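Working notes, beginning with the structure itself.
Numbering (this note's numbering), first residue to last: 344 to 743.
Shown next, in the form of structure tokens:
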């Protein structure tokens, strides 16, 4: 029997049931935890390769005070998985991470996290600092973090493919200020993102948090050996920037959306060999009465130091800065879509940008110009400007 009550667990919400859970895992390779209205208390549970912790009826795991984490993932074998499913983690007793990869010890392989909830957690999913170890081939599916007390996901080093599917960081339940990020993934070599949301708090008096990015993805420094796939990523109403993808290559995506975040909507920085479609950044123009602390001069979609990229059907609307910015970038194409009703320019090339293309886009009702191009070999073609007729082909420095 892997039912933890067979090993002495009381599941009364007060008694520390860690020993019973560890005993079930040691005996059966798994711990089955039934639902009780009171939940249960446990912490610092080591989960090795091939082992499972399974909730039944979604019991609440109260991470015990003084624990370093709820579960420590020590799945160090490449051929077996460690699985956690159907549990709600409650961090209200202390400041511990709910699930932490033990990368200070060794490479962590194949953790599978499914149908989990995290509340009152300083961190839902994290790893340990390491100069040589990674989290490899992690899968996180159908899970939610809410009543957040800090950045919910932080993985410093990963390899293989990360899979994030149907995952939400939901700050909307917070009745306190929320000055932290949602998700931060660094040193990533491969990722598959599908239906991931970061939703902002409902505190209208919150101040701008420029370092608190909703969703941040960073690739390996100086390497082109990476790949990513993104299918519907939304950051909505946070108090910082929306989506930032940095130093990442060979990435394809669709339906990236930033909606009324205080900071820049979507920023690609040092991204190369990319193709995105249906990228939307809707800014804060017209919401000043409801969000008085939102900063001015915030752009919607920014490409900074990018190369060999294609963005089709973008929408950049109601931003307090430029609609679309292409800075220090080469061989990038912006095609179709619109950049309308932005306080500054609809589209602007800046810095050392050259050999870029802007084509078939509507750029209407912007506060300054429809488009500003500076690259001698860049081209604007067939855009619809403010109050005019569609342009022909315009190569070299030009303002429309």
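Every residue, glycine too, gets a C-beta built ideally from N, C-alpha and C.
A quick note: this is a predicted structure, and the numbers were derived from the prediction, not measured.
Would you tell me roughly how many angstroms separate the C-alpha atoms of residue 560 and residue 532, rounded to the nearest one? Numbered from its first residue, the chain shown carries residue 560 at position 217. Numbered from its first residue, the chain shown carries residue 532 at position 189. Whole-angstrom Cα-Cα distance: 11 Å.
CB residue 489 to CB residue 513, shorter than 8 Å? Taking the chain shown and counting its residues from 1, the one referred to as residue 489 is at position 146. Taking the chain shown and counting its residues from 1, the one referred to as residue 513 is at position 170. Yes, these two residues count as a Cβ contact at 8 Å.
Quick one: complete beta strand (DSSP E) runs, 3+ long, within the stretch 547-622? 558-562, 570-579, 586-589, 592-602, 609-612
Kindly indicate which residue of 429, 365, 424, 413 has the alpha-carbon position closest to the one of residue 401. Locating residue 401 in the chain shown gives position 58, counting from the first residue. When only C-alpha atoms are compared, the closest one is 429.
Roughly how far, in whole angstroms, is the beta-carbon of residue 727 from the beta-carbon of residue 708, given that I think they are within contact range, below 8 Å? Start at 1 with the first residue of the chain shown, and residue 727 comes out as number 384. Start at 1 with the first residue of the chain shown, and residue 708 comes out as number 365. That pair is no contact at about 11 Å.
Do the CB positions of residue 417 and residue 447 come within less than 8 Å of each other? Start at 1 with the first residue of the chain shown, and residue 417 comes out as number 74. Start at 1 with the first residue of the chain shown, and residue 447 comes out as number 104. No, Cβ-Cβ distance for residue 417 and residue 447 is not below 8 Å.
Measuring CA to CA, which of 542, 520, 625, 391 is closest to residue 526? As a first step, residue 526 must be located in the chain shown, where it is residue number 183. Selected option, being the one with the closest Cα: 542.
Just verifying my parser: in three-state terms, what is the DSSP assignment at residue 740? Along the chain shown, read from residue 1 onward, the residue named residue 740 stands at position 397. Looking at residue 740 - three-state DSSP - the assignment turns out to be coil, as it is neither helix nor strand.
Confirm the yes/no value for this check: CB of residue 532, any heavy atom of the ligand ADP, distance under 7 Å. Of the ligands one can find in the structure shown there are none, so the ligand ADP has no counterpart to examine.
Nearest-angstrom Cβ-Cβ length linking residue 593 and residue 616, presumed shorter than 8 Å: Stepping through the chain shown from its first residue, residue 593 is reached at position 250. Stepping through the chain shown from its first residue, residue 616 is reached at position 273. With a Cβ gap of about 5 Å, residue 593 and residue 616 count as contacting.
Are three or more beta carbon pairs between the stretch 375-383 and the stretch 406-424 nearer than 8 Å? no
Judging by CA-CA distance, which residue of 628, 618, 651 is the nearest neighbour of residue 641? Within the chain shown, the letter at position 298 stands for residue 641. Cα-wise, what sits closest to residue 641 is 628.
Within 10 Å of its beta-carbon, does residue 518 have 16 or more other beta-carbons around it, so buried, or fewer, so exposed? In the chain shown, the residue the question calls residue 518 occupies position 175. Classification for residue 518: exposed.
What does a CB cutoff of less than 6 Å around residue 528 pick up in its chain, not counting 5 residues either side in sequence? Here residue 528 is taken as the residue at index 185 of the chain shown, counted from 1. Cβ within range, chain order: 498, 560.
Minimum C-alpha distance to residue 658 - residue among 605, 669, 623, 644: Locating residue 658 in the chain shown gives position 315, counting from the first residue. Checking every option, the nearest Cα to that of residue 658 belongs to 623.
Would you decide whether residue 665 is buried or exposed? Buried here means 16 or more other CB atoms lie within 10 Å of its CB. Locating residue 665 in the chain shown gives position 322, counting from the first residue. With 16 or more Cβ atoms within 10 Å of its Cβ, residue 665 is classed as buried.
Which residues share a DSSP beta bridge with residue 529? The sequence position of residue 529 within the chain shown is 186, counting from 1. Beta-bridge partners of residue 529 (DSSP): none assigned.
Count the other CB atoms, across all protein chains shown, that sit within 10 Å of the CB of residue 472; report buried if there are 16 or more and exposed otherwise. Here residue 472 refers to the residue found at position 129 of the chain shown. Residue 472 counts as exposed, since fewer than 16 other C-beta atoms from the protein chains shown sit within 10 angstroms of its C-beta.
Residue 586 vs residue 558 beta-carbon contact at 8 Å: Position 243 of the chain shown, counted from the start, is the residue given in the question as residue 586. Position 215 of the chain shown, counted from the start, is the residue given in the question as residue 558. Yes.
Assigned secondary structure, residue 347 (DSSP; H/G/I helix, E/B strand, else coil): As a first step, residue 347 is located in the chain shown; it is residue number 4 there, counting from the start. In the structure shown, residue 347 sits in a helix (DSSP, three-state: H, G or I).
If you check the beta carbons only, do residue 509 and residue 480 fall under 8 Å apart? Counting from one through the chain shown, the residue named residue 509 turns up at place 166. Counting from one through the chain shown, the residue named residue 480 turns up at place 137. Their beta carbons are not under 8 Å apart, which means residue 509 does not touch residue 480 by this criterion.
Please return the same chain residues whose Cβ sits closer than 6 Å to the Cβ of residue 711, not counting the five positions on each side in sequence. Start at 1 with the first residue of the chain shown, and residue 711 comes out as number 368. For residue 711, where only same-chain residues beyond five positions count, the Cβ hits under 6 Å are 687, 688.
Roughly how many whole angstroms lie between the Cα atoms of residue 494 and residue 654? Taking the first residue of the chain shown as position 1, residue 494 is located at position 151. Taking the first residue of the chain shown as position 1, residue 654 is located at position 311. Cα to Cα, the separation comes out at about 29 Å.
Does DSSP classify residue 515 as helix, strand or coil? To locate residue 515, count along the chain shown from 1; it is residue 172. Helix at residue 515.
Smallest Cα separation from residue 305: which of 454, 556, 549, 637? What the structure shows of the chain is the stretch from 344 to 743, and residue 305 is not part of that stretch, so it cannot be assessed.
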